[in-house]
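Student: Per our numbering, the very first residue in the sequence shown carries number 278; after that it's consecutive. Heads up, the beta-carbon is just placed ideally off N, CA and C, and yes, glycines get one too. One structure coming up, written as structure tokens, with questions to follow.
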Amino acid sequence: MPLMCSLQTILVGDSGVGKTSLLVQFDQGKFIPGSFSATVGIGFTNKVVAVDGVKVKLQIWDTAGQERFRSVTHAYYRDAQALLLLYDITSKMSFDNIRAWLTEIHEYAQKDVVIMLLGNKADVSSERAVRTEDGASLAREYGVPFMETSAKTGMNVELAFLAIAKELKQRAVQPLDEPHFQIHDYIESQKKKSSCCAFS
Numbered sequence: 278m279p280l281m282c283s284l285q286t287i288l289v290g291d292s293g294v295g296k297t298s299l300l301v302q303f304d305q306g307k308f309i310p311g312s313f314s315a316t317v318g319i320g321f322t323n324k325v326v327a328v329d330g331v332k333v334k335l336q337i338w339d340t341a342g343q344e345r346f347r348s349v350t351h352a353y354y355r356d357a358q359a360l361l362l363l364y365d366i367t368s369k370m371s372f373d374n375i376r377a378w379l380t381e382i383h384e385y386a387q388k389d390v391v392i393m394l395l396g397n398k399a400d401v402s403s404e405r406a407v408r409t410e411d412g413a414s415l416a417r418e419y420g421v422p423f424m425e426t427s428a429k430t431g432m433n434v435e436l437a438f439l440a441i442a443k444e445l446k447q448r449a450v451q452p453l454d455e456p457h458f459q460i461h462d463y464i465e466s467q468k469k470k471s472s473c474c475a476f477s
């Protein structure tokens, strides 16, 4: 199986939304409760995934959400091919700050960067402060795909990264005049397949 070059993906969002936990769930398939202090600066993990018979190497950067590290994060935006933007469904503030994150992304990142909005901690629905439809509405406004995830249960975590990998792989190998891979349609079709496991 051929291996593509590394594709840089960055996790961004407020401190405490679960970026590190999401990455550990994707990389190691487990959730380690209460073991992470706030990320200081930048950390990264390499993960190879199979996409349509091709190995895609994702270099996933986990960024600090605190304001004092923001200038460090800006430097990494420029080389990113994809950005996973997270908020915590139990924190209205983390959701309200998404617009500010998107403003930064549009200022510092490449014009064609792939952006996906993720509402994390979907397993804590009893403490929900942000409706699913509000997340979907914001994503539509900015023209980005959206799903809710749970770093704890693994819900939609692999799907989020695989959808990104699939989009980046298609962009790398597909001639411009061919129909584009539709990341929105792919996500919806995969979510329907696993809807029996989804949170209501």
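Tell me residue 359's beta-bridge partners as DSSP assigns them.
Tutor: The residue given as residue 359 occupies position 82 in the sequence shown. Its beta-bridge partners are 286 and 391.
Student: Between the Cα of residue 434 and those of 304, 461 and 282, spot the shortest distance and give me the residue it belongs to.
Tutor: Sequence index remark: in the sequence shown, residue 434 carries index 157 (1-based). Cα-wise, what sits closest to residue 434 is 304.
Student: Thinking residue 393 and residue 337 are a contact (beta carbons under 8 Å), I'd like their distance in whole angstroms, please.
Tutor: One-based indexing of the sequence shown puts residue 393 at position 116. One-based indexing of the sequence shown puts residue 337 at position 60. That pair is no contact at about 13 Å.
Student: Skipping 5 residues on each side, what residues in its chain have a beta carbon closer than 7 Å to that of residue 421?
Tutor: Position 144 of the sequence shown, counting from 1, holds the residue named residue 421. Cβ within range, chain order: 392, 393 and 394.
Student: Using a Cβ-Cβ cutoff of less than 6 Å, which residues in the same chain neighbour residue 279 once the five nearest sequence positions on both sides are dropped?
Tutor: Taking the sequence shown and counting its residues from 1, one reaches residue 279 at position 2. Excluding positions up to five away in sequence, the list reads 331.
Student: What's the C-alpha gap between residue 490 and residue 334?
Tutor: What is shown of the chain runs 278 to 477, which leaves residue 490 out entirely.
Student: Starting from residue 296, trace the beta strand (DSSP E) in both directions and tell me its first and last residue.
Tutor: Locating residue 296 in the sequence shown gives position 19, where the first residue counts as 1. Per DSSP, residue 296 belongs to no beta strand (DSSP E); it is in the alpha helix (DSSP H), 296-305.
Student: In this structure, what does DSSP give as the bridge partners for residue 281?
Tutor: Indexing the sequence shown from 1 puts residue 281 at position 4. According to DSSP, residue 281 bridges with nothing at all.
Student: With distances taken Cα to Cα, identify the nearest neighbour of residue 284 among 350, 360 and 423.
Tutor: As a first step, residue 284 must be located in the sequence shown, where it is residue number 7. When only C-alpha atoms are compared, the closest one is 360.
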